[in-house]
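Have a look at the structure below, then the notes.
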Amino acid sequence: MFALRQTSSALRRPLARSFASKAEYENILTEVRGKVAIITLHRPKALNALCSPLIEELNGAAHAFDADKNIGAIIITGSDKAFAAGADIKEMATKSFVDAYKSNMFANWGDITKVSKPVIAAVNGYALGGGCELAMLCDLIIAGDSAKFGQPEITLGTIPGCGGTQRLIRAVGKSKAMEMILTGNMIDAQQAERDGLVARVVPADQLLDEALKTANKIASFSQPVVKMAKEAVNASYEQSLQEGIRFESRLFWSSFATKDQKEGMAAFVEKRKAEFKDE
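Encoded structure:
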């Protein structure tokens, strides 16, 4: 599995403010535009291969943005050549079963799913192995038209280890997931969109701009209600249909306890734009 560097003009444009100094992070870059936080995986010499320090930094930054009341959505992206071309093989190659089992390898890789605000994966280039799994940990994937997705672990004598066998089948169905996992074959962005793995495909050089449009729209709504919507959708993975509907109903009723629900419905009746206060 591999990794790389984003050089599009969209990424090079200065952002509104920097969230963390370069001294704080060695493997990621963090920036803010308005109410949207952007985390860029930044191991250009390793095609953004996902090592333990990078995952720790990514989780730390994501949870810090989650706690920031001024942030309404988070984008995770990589470079033009690779979102993340897999887990760092050099870090894993010499591990024994005992090493892997005792260390509970990848135990913290799923922490992104604990972020309550919407997380968008903006994917250009390779998203393979752990990179594909990281993208699937996010709430939605927007892909540049050069993106390629795959779970090639079988070619390395192992299997996906960070949820690939479980999340991929939920995204694309059993047959397609089996084909990708058992052959190690990649699919391009257009196929990923047809299969339901990605929300939409955009020109590669417009990826970040398009992701920002989506993130800004999400961030313009009531943060408490957006969190409720995300929680309700994600609950469908863990519950039966009837249990999920009951859970959705409880969250729907809960939204009526917010000032933003009153504002949103009043604005609709009065034919004006709602002004949400996240209350």
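So for the sequence shown, my numbering puts the first residue at 4; every next one is plus one. C-beta atoms are modelled at their ideal positions from N, C-alpha and C, and glycine is treated no differently.
Neighbourhood of residue i by C-beta, 6 Å cutoff - its chain only, sequence neighbours within 5 removed
i	result
I157	G187
E136	C165, G166, G167
A277	E266, G267, A270
S24	Model confidence at S24 stands at a pLDDT of 44, short of 50, so the residue's coordinates are unreliable; what they give is reported in the following sentence. Closer than 6 Å at Cβ, skipping near neighbours: no residue.
Cβ-based burial, residue i [other Cβ within 10 Å; buried from 16]
i	result
A269	exposed
K72	exposed
A151	Going by the sequence as given, residue 151 is Lys instead of Ala. The residue is buried, with at least 16 neighbouring Cβ atoms inside 10 Å.
Beta-carbon proximity of residue i to residue j, cut-off 8 Å
i	j	result
G147	V205	yes
I145	R203	yes
T116	L140	yes
A192	I123	no
N51	A85	yes
G132	I190	no
G37	G89	no
A174	L200	yes
V39	I78	yes
A87	L143	no
Separation of residue j from residue i, as counted between CA atoms
i	j	result
A238	F68	23 Å
V118	K230	10 Å
K262	N30	40 Å
E234	P227	11 Å
V2	R275	The shown model of the chain, from 4 to 282, leaves out residue 2, and the question about it has no answer.
F250	P47	43 Å
F224	L159	44 Å
S252	Q242	14 Å
A70	T33	15 Å
A65	I42	8 Å
K82	I248	Note on residue identity: the sequence assigns Ser, not Lys, to residue 82. Each residue's Cα considered, the two are about 39 Å apart.
M183	F259	44 Å
E273	R170	43 Å
S55	L244	37 Å
K280	E246	31 Å
P155	I172	15 Å
W256	S149	43 Å
E282	Y28	33 Å
Q264	Y240	27 Å
K216	L57	27 Å
V236	L254	11 Å
A232	A195	24 Å
Beta-carbon proximity list for residue i, same chain, < 7 Å, skipping 5 on both sides
i	result
I221	G75, A76, P121, V229
A138	F86, A124, V126, A130, I144
D114	N62
H45	N30, I31, L32
N185	A small correction: the amino acid at residue 185 is Leu; Asn does not occupy that position in the sequence shown. Taken in chain order, the residues that qualify are I157.
Close Cβ partners of residue i (< 8 Å) along its chain, the five nearest in sequence each way excluded
i	result
E59	N111
D198	A174, V175, G176, K179, I190
Indicate whether the contact test is met: 3 or more Cβ pairs, each with one atom in the segment 175-189 and one in the segment 212-222, closer than 8 Å.
no
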